[in-house]
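Protein chains in written order, with numbering that gives the first Met the number 0: chain G, 0 to 172; chain L, 0 to 100. Don't be surprised by glycine CBs; every beta carbon is placed ideally from N, CA and C. Small disclaimer: the values here were computed from a predicted structure and weren't measured.
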Amino acid sequence: MSLDLFLFFSLAVISVASALAMILNRNAIYSALFLVLNFLTIALFYLILSGPFIALAQVTVYAGAIMVLFLFVIMLIGPHRLAYSEANRWQRPAAMVLGLALLAEAVYILIFRPTPAISGEQPALVENFGAPKVLADVLFNQYALAVEVIGVLLLVAMVGVIVMVKNAGKRQT
Amino acid sequence: MMVPINYFVALSGILFILGAVGVLVRRNLIVMFMSVELMLNAANLAFVAYARHYLSMDGQVFVFFVIAVAAAEVAVGLSMVIAIFRTRQNINVDDLNSLKG
Chain G
0 MSLDLFLFFS
10 LAVISVASAL
20 AMILNRNAIY
30 SALFLVLNFL
40 TIALFYLILS
50 GPFIALAQVT
60 VYAGAIMVLF
70 LFVIMLIGPH
80 RLAYSEANRW
90 QRPAAMVLGL
100 ALLAEAVYIL
110 IFRPTPAISG
120 EQPALVENFG
130 APKVLADVLF
140 NQYALAVEVI
150 GVLLLVAMVG
160 VIVMVKNAGK
170 RQT
Chain L
0 MMVPINYFVA
10 LSGILFILGA
20 VGVLVRRNLI
30 VMFMSVELML
40 NAANLAFVAY
50 ARHYLSMDGQ
60 VFVFFVIAVA
70 AAEVAVGLSM
80 VIAIFRTRQN
90 INVDDLNSLK
100 G
């Protein structure tokens with residue numbers, strides 16, 4: 000087994016195991032920390048797939064900012080209030096069955112009916128593929144309008160969050 | 000030797016299904032939200048894998064946009080969680096049944 004395949008399979012095991020641990024853990028803080036581990040392995044996959052900028056954006060935005068926000072909210076609400084509940088017992092086996100059905104369908108499509116698009120080896124790397132300069136060239140020329148829309152979206156989200164949290168406080172008092 | 004593209008797509012599918020099962024199984028609003036983030040990341044992994052396969056930067060640009068939208072979505076969603084918690088003192092989705100018909 001080559002080094003690349005070994006790296007891929009060990010990282011895949013870590014990523015699937017941390018996703019499972021995230022779902023099954025009773026403590027929401029441990030769930031969040033396992034999700035951070037999962038995001039870091041996905042960032043390593045991005046590095047393997049020659050996307051260094053995306054990998055670092057994943058680490059800073061997802062594993063850094065977004066998960067800090069999650070941990071902050073968990074601490075604010077209090078982890079003891081986030082207990083596991085066992086209402087609606089029939090839902091859990093139903094969810095497992097539906098998930099397994101979805102997995103079976105995905106395996107069937109990916110392995111037994113490979114389309115030409117998803118089979119075969121990766122083509123050889125061209126020079127500078129995935130370099131931040133090349134990415135910025137596409138981002139700010141071809142997708143310049145989308146970048147501006149994203150900026151407006153983030154601003155609207157920020158204003159919306161402030162308005163929503165403010166009103167929720169007023170309603171309670 | 001490089002890793003074939005199918006392996007990445009299969010891993011992305013497995014992570015997506017784990018996220019979907021997490022949304023269905025857990026009753027805690029915050030953990031359900033984290034499972035949605037897991038599904039977004041699975042889709043991003045498929046995007047980057049195909050960008051590598053077709054040697055096109057568009058996939059990575061889309062992942063950048065998805066990350067930005069996810070940041071906005073998490074901010075709004077968590078503020079809704081806090082608003083729900085302030086009015087109901089509870090974020091278990093089974094107890095949020097006042098709209099039940």
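- Under DSSP, residue 27/L forms a beta bridge with 91/L.
- Only those residues of the segment 35-68 of chain G whose C-beta falls short of 8 Å from the nearest C-beta of chain L are listed: 37, 38, 41, 44, 45, 47, 48, 49, 50, 52, 53, 56, 57, 60, 61, 64, 65 and 68.
- Looking from the CA of residue 25/L, the closest CA among 88/G, 163/G, 135/G and 99/G belongs to 88/G.
- The beta carbon of residue 29/G sits no closer than 8 Å to any beta carbon of chain L.
- Taking a 10 Å sphere around the C-beta of residue 51/L, we find 16 or more other C-beta atoms and assign the residue as buried.
- The residue from 27/L, 71/L, 15/L and 59/L with its alpha-carbon nearest to that of residue 148/G is 71/L.
- DSSP, read as helix, strand or coil, puts residue 142/G in coil.
- With respect to the C-alpha of residue 52/G, the residue from 39/L, 40/L, 36/L and 63/L having the closest C-alpha is 63/L.
- In this structure residue 109/G touches residue 5/L by the C-beta definition: roughly 6 Å separates them, less than 8 Å.
- Annotation for residue 40/G: the continuous alpha helix (DSSP H) segment containing it runs 27-47.
- Beyond the five residues adjoining it in sequence on each side, residue 76/L comes within less than 6 Å, by CB distance, of 32 in the same chain, given in chain order.
- Residue burial is scored here from C-beta neighbours: residue 55/L has fewer than 16 other C-beta atoms within 10 angstroms and is therefore classed as exposed.
- Under the Cβ criterion (8 Å, minimum of three pairs), the segment 43-63 of chain G counts as touching the segment 120-137 of chain G.
- Contact check for residue 20/G and residue 39/G: beta-carbon distance about 14 Å, past the 8 Å limit, so the pair fails to qualify.
- Using a CB distance below 9 Å, the part of the segment 91-102 of chain G facing chain L consists of 91, 93, 94, 95, 97, 98, 99, 101 and 102, ordered along the chain.
- For residue 87/L, no CB of chain G lies under 8 Å from its own CB, so it is not counted at the interface with that chain.
- The C-beta of residue 34/G has 16 or more other C-beta atoms within 10 Å across all chains shown, which makes the residue buried.
- A distance of 8 Å or more separates the beta carbons of residue 98/L and residue 18/G.
- Looking from the CA of residue 7/L, the closest CA among 166/G, 41/G and 25/G belongs to 41/G.
- The beta-carbon separation of residue 79/L and residue 163/G, rounded to 7 Å, stays under the 8 Å limit for a contact.
- Residue 65/L has a beta carbon lying at 8 Å or more from every beta carbon in chain G.
- With a threshold of 16 other beta carbon atoms within 10 Å, residue 14/L meets it and is buried.
- Spanning the alpha carbons of residue 31/G and residue 135/G requires a straight line of approximately 31 Å.
- The Cβ of residue 142/G sits closer than 8 Å to at least one Cβ of chain L.
- Here the alpha carbons of residue 2/L and residue 4/G stand approximately 6 Å from one another.
- The alpha carbon of residue 29/L has as its nearest neighbour, out of 86/L, 85/L and 81/L, the alpha carbon of 81/L.
- In this structure, DSSP gives residue 127/G a state outside helix and strand, which the three-state scheme calls coil.
- Per DSSP, the unbroken alpha helix (DSSP H) holding residue 12/G starts and ends at 2-23.
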